[in-house]
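Protein chains: 2
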Amino acid sequence: MTAERTTADTLAKTLRDAIIRFSRRARQARPVGDLTFSQLSALTSLQLAGALTPRELADMERVQPPTMTKIVGKLEERGLVARTPHPTDGRQVILAATDEGRAIYALHERARNEWLAVQLDRLTPEERETLARAAEILQRVARG
Amino acid sequence: MTAERTTADTLAKTLRDAIIRFSRRARQARPVGDLTFSQLSALTSLQLAGALTPRELADMERVQPPTMTKIVGKLEERGLVARTPHPTDGRQVILAATDEGRAIYALHERARNEWLAVQLDRLTPEERETLARAAEILQRVARG
DNA sequence: CACGATACTTAGCCTAGCTAATGAGCATGG
DNA sequence: CCATGCTCATTAGCTAGGCTAAGTATCGTG
Chain A
0 MTAERTTADT LAKTLRDAII RFSRRARQAR PVGDLTFSQL SALTSLQLAG
50 ALTPRELADM ERVQPPTMTK IVGKLEERGL VARTPHPTDG RQVILAATDE
100 GRAIYALHER ARNEWLAVQL DRLTPEERET LARAAEILQR VARG
Chain B
0 MTAERTTADT LAKTLRDAII RFSRRARQAR PVGDLTFSQL SALTSLQLAG
50 ALTPRELADM ERVQPPTMTK IVGKLEERGL VARTPHPTDG RQVILAATDE
100 GRAIYALHER ARNEWLAVQL DRLTPEERET LARAAEILQR VARG
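These protein sequence lines map, in sequence, to chains A and B. Every letter in the first sequence is one number past the one before it in numbering that gives the first Met the number 0, and letter 41, counting from 1, is 40. Every letter in the second sequence is one number past the one before it in numbering that gives the first Met the number 0, and letter 20, counting from 1, is 19.
Structure, rendered in structure tokens:
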């Protein structure tokens, strides 16, 4: 009981510290295509959705529009994402992954030699299952 | 089988995206004492260890020494951490939490009205257990 | 006691967030 | 039919948090 209570009380702290340290470690080993986490995540969303406006992408990624402008700017510089004008609304812009962007995404999806993938391979199947479930919970918490 | 294989293949991506979105969401709701994650994490390590040199703290937090200099600088400005000279080695410095720092830490440890704690309270016990286990795994991965 | 190694900091750079302000385009009410 | 107000994206400017490289002081040793 006491142990359970303590666990619940300190879970926020434990989780926060674990995540920040994990993030720092993972950042050092730049993933596929020398893209940052933010860039990779935005590219993933775009790839899955097909095409989005900056506003939609920002909402999906849980950032403010100006932040997304920056991230998309970087991706566009590298030719991974293209901006095209909206057909009927001159204010909006349509974002979509280019062929090269799709190639990077595909590479990333099964980059088994990448740092994180290697780490995950070393875990037991049960541990991977735990992480998969935790990822789903974290997404849900972020959404709420 | 196929599903398992796919899960293993895409876990890296899933986990990365979940963590980045969670982090962004959590950052918006600044935790206790208006401290950032980095500052809170450093304060936690210091608190648990009692006293550390900047190098030790940097190693523990998985950052480079100059980064820790900055973080400690912020904490010192707020009077949460004190630098004292090392008794025998003039090059080194001893970092320790001040009384105020310990108070903030204690507050943080059971801040059940904080955004993240509230979110966690809404989960089922099984989900919290999953997150607790995942936190341990992430720490281990970050260490390796 | 000079010289290399170590500890911390400083300097300078980048990414990634944010808010506030700007400018362009849409839509609507008189 | 156009003035006015809203929405969308971007720009400007700020902060935090990373990094490497260089600087400075101190230690320890040959």
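For each residue, glycine too, the CB sits at the ideal point set by N, CA and C.
- Here Ala25/A really is in contact with Leu115/A; their C-beta atoms are around 6 Å apart, less than 8 Å.
- Only Glu60, Arg61 and Val62 from the region 50 to 66 of chain A bring a Cβ to less than 8 Å from some Cβ of chain B.
- For Ala102/A, the enclosing alpha helix (DSSP H) begins and ends at Asp98 to Glu108.
- The three-state reading of DSSP puts Leu34/B in coil, since its state is none of H, G, I, E or B.
- Taking Tyr104/B as reference, the option from Ser44/B, Arg142/B, Leu130/B and Lys73/B with the minimal CA-CA separation is Ser44/B.
- From the beta-carbon of Ile136/A, the residues of chain B found nearer than 8 Å are Leu122, Glu126, Thr129 and Leu130.
- With contacts defined as CB atoms closer than 9 Å, Ile136/B and Glu126/A qualify as a contacting pair.
- The bridge partners DSSP lists for Arg82/A are Leu94/A.
- If you check the CB distance, Arg23/B and Glu60/A come in under 9 Å.
- Less than 9 Å divides the Cβ of Gly32/A from the Cβ of Leu79/A.
- If you draw a straight line from the Cα of Arg54/A to the Cα of Leu94/A, it is about 10 Å long.
- Secondary structure of Leu122/B (DSSP, three-state): coil.
- Distance check between Gln27/A and each of Lys69/B, Gln63/B, Leu51/B and Thr35/B places Gln63/B closest, using alpha-carbon atoms only.
- Any Cβ of chain B closer than 9 Å to the Cβ of Arg20/A would place that residue at the interface, and such an atom is present.
- In this structure, the alpha-carbon of Ala102/B lies about 13 Å from that of Leu47/B.
- With fewer than 16 other Cβ atoms inside 10 Å of its own Cβ, Asp120/A counts as exposed.
- Thr68/B and Ala141/B have their alpha carbons spaced roughly 21 Å apart.
- The C-beta of Val71/A comes no closer than 9 Å to any C-beta of chain B.
- For Ala41/A and Leu10/A, the gap between their C-alpha atoms comes out near 29 Å.
- Straight-line measurement puts the Cα of His107/A at about 10 Å from the Cα of Leu34/A.
- Counted as a single uninterrupted DSSP element, the alpha helix (DSSP H) harbouring Leu56/B occupies residues Pro53 to Glu60.
- Contact of Arg15/B with chain A by beta-carbon distance below 8 Å involves Ala25, Pro30, Phe36, Leu39, Ser40 and Leu115.
- Against chain A, the CB of Gly78/B has no partner CB under 9 Å away; the residue lies outside that interface.
- In the structure shown, Thr13/A falls within a helical segment according to DSSP collapsed to helix, strand and coil.
- Contact check for Phe21/B against Ile19/A fails: the beta carbons are separated by 9 Å or more.
- For Arg77/B, the secondary structure class from DSSP, reduced to helix, strand or coil, is coil.
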